[in-house]
Amino acid sequence: MTQKHTPLLLVLLTISILISACGSINPAKQVDMLKSYNYDVESISGLTIAGRSAQGLLEGNGTSLNMNALPGLALGILRKDLPLAAVVNMKVSNPTTNVTGINAFKYLIEIKGKPFFEGTVDRVVRLNQGESAVVPLSFNANLFGVVDENRGIEGLLSDLLTKEGQGAVVLKIKPSMALGGTNIFYPGYITIDNDLLKSLTKR
Numbered sequence: 001m002t003q004k005h006t007p008l009l010l011v012l013l014t015i016s017i018l019i020s021a022c023g024s025i026n027p028a029k030q031v032d033m034l035k036s037y038n039y040d041v042e043s044i045s046g047l048t049i050a051g052r053s054a055q056g057l058l059e060g061n062g063t064s065l066n067m068n069a070l071p072g073l074a075l076g077i078l079r080k081d082l083p084l085a086a087v088v089n090m091k092v093s094n095p096t097t098n099v100t101g102i103n104a105f106k107y108l109i110e111i112k113g114k115p116f117f118e119g120t121v122d123r124v125v126r127l128n129q130g131e132s133a134v135v136p137l138s139f140n141a142n143l144f145g146v147v148d149e150n151r152g153i154e155g156l157l158s159d160l161l162t163k164e165g166q167g168a169v170v171l172k173i174k175p176s177m178a179l180g181g182t183n184i185f186y187p188g189y190i191t192i193d194n195d196l197l198k199s200l201t202k203r
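In terms of UniProt numbering, the sequence shown has 37 at position 37, counting the first letter as 1, and numbering is strictly consecutive.
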């Protein structure tokens with residue numbers, strides 16, 4: 001009886017192997033599909049510097065710093081501890097006919113070309129064609145880690161918050177997909193917004 005069932009078991013095993021092989025064909029191509037999604041900054045919320053609203057540091061429709069507000073940051077400046085914090089709400093859309101699940105995101109925020117904050121968010125995003133989802137990316141780090149001695153903290157704040165400083169803050173992400181129970185991240189970072197905090201004045 002065992003011998004009669006052996007050919008059937010072999011057939012089932014072969015089919016299982018073939019199905020498994022088809023599902024893992026060219027994993028590099030599957031990961032590359034992650035770049036086909038659209039990633040956009042939908043909004044930025046809770047933007048603060050040393051716990052104070054960043055909007056309160058601006059005047060003239062965001063064209064210059066409000067120097068009268070800077071004394072409120074004096075203690076943080078003295079201690080060289082000015083945390084910049086916010087939540088970036090990133091919209092992910094699928095314009096393709098492929099359904100590729102994103103399993104997690106690494107994200108990097110650069111200020112004036114220097115790494116400012118790196119984070120990871122474990123959020124499974126699986127979108128059909130035309131669907132979208134919003135993924136919050138939070139950050140909180142000390143601005144003195146990226147301050148330029150030649151321009152000082154006032155110059156950095158001006159570059160970050162006013163319309164005069166172009167491209168000071170850049171957001172990059174590295175999405176991943178699950179293959180064989182492991183998160184495989186897209187090779188290299190994808191630039192989402194190369195003028196991140198200027199988006200605040202547009203929304």
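Where a beta carbon is used, it is the ideal one built from N, C-alpha and C, also for glycine.
Residue pairing by DSSP places Glu110 opposite Pro115, Val170 in a beta bridge. Just measuring C-alpha positions, the residue of Gly46, Phe185, Val147, Ser176 sitting nearest Leu197 is Gly46.
Around Lys106, the same chain offers Thr120, Lys174 as residues with beta carbons nearer than 6 Å, after the five sequence neighbours per side are excluded. According to DSSP, Ser53 shares a beta bridge with Thr48.
Val87 and Leu157 have their C-alpha atoms roughly 18 Å apart.
Shortest Cα-Cα distance from Lys29 to any of Leu179, Ile192, Asp195 involves Leu179.
Here the alpha carbons of Asn66 and Leu57 stand approximately 5 Å from one another. For the set Ser93, Gln55, Ile77, the Cα lying nearest the Cα of Leu143 is the one of Ile77.
Excluding five sequence positions before and after Val147, the CB atoms of its chain that fall closer than 7 Å to its own CB belong to Ile153, Leu156, given in chain order. The DSSP assignment places 132-142 as complete runs of the beta strand (DSSP E) inside the segment 123-171, in order along the chain (cut-off: 3 residues).
Under the three-state reduction of DSSP output, Leu82 falls in the coil class, being neither helix nor strand. About 6 Å separates the CB atoms of Val134 and Glu42; that is less than 8 Å, so the two are in contact. Exclusion of the five residues before and after Gly167 leaves Asn194, Asp195 as the residues of its chain whose Cβ lies within less than 6 Å of its Cβ.
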